[in-house]
Amino acid sequence: MGEVINGKELAEKLQAEIATEVSELRKKGIVPGLVVLLVGDNPASQVYVRNKEIAATKIGIHSKVERYSADLTEEELLAEIDRFNKDEAFHGILVQLPLPKHIDEEKVLLAIDPKKDVDGFHPMNLGKLFAGDPEMIPCTPYGIMKMFEAYNISIEGKRAVIIGRSNIVGKPMAQLLLMENATVTIAHSKTRNLAEVAKEADILVVAIGRGHFVTKEFVKPGAVVIDVGMNRNEAGKLIGDVKFDEVEPLTSYITPVPKGVGPMTITMLMQQTVEAAKRQS
Ligand code: NAP
């Protein structure tokens with residue numbers, strides 16, 4: 006039977022620690038600030054932004070959400086980013102993705118001052134991470150590394166398989182595990198014999214975006230399974246990429262969905278905002 010990693014509980018504990026640090030910083034006149042830019046009315050984005058705002062307020066971070074209509078031009082958005090790059094009250098800038106199709110996401114990410122890029126998506130920050138000298142780390146893989154640490158899950162020498170190769174989850178996850186001396190494989194939609202590849206993993210991280218895709222055939226007995234997926238089933242219920250009920254008995258540790266990776270992502274965003282504030286002050 007696998008131990009279920011309680012991401013919600015760990016996130017609450019870490020957020021309480023961050024709140025203590027923020028109150029110390031406030032005594033020194035440093036108020037960490039985070040601005041979130043939301044373009045359009047994507048319902049999932051609205052929920053994510055709201056959750057970020059709630060967490061920031063709870064922790065004592067000065068937070069602001071700038072909402073723009075879906076017809077905001079690329080030029081106007083770039084001008085807004087420039088305004089916040091210069092605004093010393095905000096140490097972190099986050100542009101909620103996805104953006105409307107007429108706006109070039111890459112251009113927007115490039116426009117954010119790397120020092121304020123608390124999501125860690127700027128090519129400069131990704132480059133530093135891949136050079137082995139990270140400053141801002143994409144929050145989801147960063148949160149997963151904190152889970153390994155909190156649950157004393159050793160990484161060195163382990164065989165890790167990551168399914169998914171996005172710039173925001175799969176690739177930085179691979180690099181973070183590599184930095185901790187795992188032997189890493191990145192699998193994707195063109196991988197042959199995916200279940201066999203996954204079954205070699207001591208640590209299996211799944212970030213695909215397909216509900217209940219990973220079944221017991223993908224999992225080696227005793228493996229650690231991390232489920233990043235967030236999908237809605239026909240009933241509208243939030244489900245992961247892993248078929249939890251049949252996989253869990255095989256694992257040593259497993260994350261649930263919800264209350265797994267999700268709350269940790271938000272927590273690391275707060276942590277990086279505080280770190281950014283300290284560096285900028
Ligand atoms: P993404 O950019 O869509 O990437 C998905 C990856 O999965 C791609 O590399 C793709 O391969 C691979 N893939 C798709 N179908 C596959 C298949 N049948 N077999 C093997 N690989 C397959 O997604 P993402 O942004 O990384 O997000 C992945 C999931 O995590 C989503 O459900 C998302 O909602 C969730 N997520 C959760 C959090 C959180 O905080 N919990 C944060 C971020 C994302 P190719 O490259 O070959 O196309």
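Take the sequence shown: its letters are residues 6 to 286, numbered as in my numbering. Note that CB positions come from ideal geometry on N, CA and C, so glycine has one too. Here the structure is a predicted model, which means the values were calculated and not measured.
- In the displayed model, E185 falls within coil according to three-state DSSP, outside both helix and strand.
- Residue pairing for K69: DSSP places it in a beta bridge opposite V40.
- Taking the Cα of P143 as reference, the smallest distance to any Cα among H127, N157, A155 is reached at H127.
- Secondary structure of A116 (DSSP, three-state): helix.
- Taking C-beta atoms as the reference points, G216 and I173 fail to come closer than 8 Å.
- Under DSSP, the beta-bridge partners assigned to G97 are L39.
- Counted as a single uninterrupted DSSP element, the stretch harbouring L104 is not any alpha helix (DSSP H), since DSSP gives it neither H nor E.
- Annotation note: the segment 132 to 176 contains the following uninterrupted alpha helix (DSSP H) runs of length 4 or greater, listed N- to C-terminal: 144 to 155.
- The beta carbons of V202 and I231 sit no closer together than 8 Å.
- With the criterion CB distance below 5 Å from any heavy atom of the ligand NAP, the matching residues run T145, G169, R170, S171, V174, H193, S194, A212, I213, G214, V233, G234, M235, V266, G267, T270 along the chain.
- In the structure shown, L77 adopts coil according to DSSP, grouped into three states.
- Classified as exposed, E81 has fewer than 16 neighbouring CB atoms from the shown chains inside 10 Å of its CB.
- Considering only I23, I259, L274, the residue with the shortest C-alpha distance to Y156 is I259.
- Using a Cβ distance threshold of 8 Å, F89 and V40 count as a contacting pair.
- Per DSSP, D250 is one residue of the alpha helix (DSSP H) stretching across 249 to 252.
- Boundaries of the beta strand (DSSP E) around V211: 208 to 211.
- Taking the Cα positions, V9 is about 31 Å away from L131.
- Assigned with DSSP and collapsed to three states, T196 falls in coil, not helix or strand.
- Counting other Cβ atoms within 10 Å of its Cβ, T62 stays below 16 and is therefore classed as exposed.
- M6 sits exposed, since fewer than 16 C-beta atoms from the chains shown fall within 10 Å of its C-beta.
- Taken through DSSP and simplified to helix, strand or coil, D87 comes out as helix.
- Just so you know, the alpha carbons of I35 and A282 end up roughly 7 Å apart.
- Beta-bridge partners assigned by DSSP to D232: V211.
- With a cutoff of 8 Å on beta-carbon distance, K112 and E79 are scored as near each other.
- Per DSSP, the beta bridge partners of V219 are V247.
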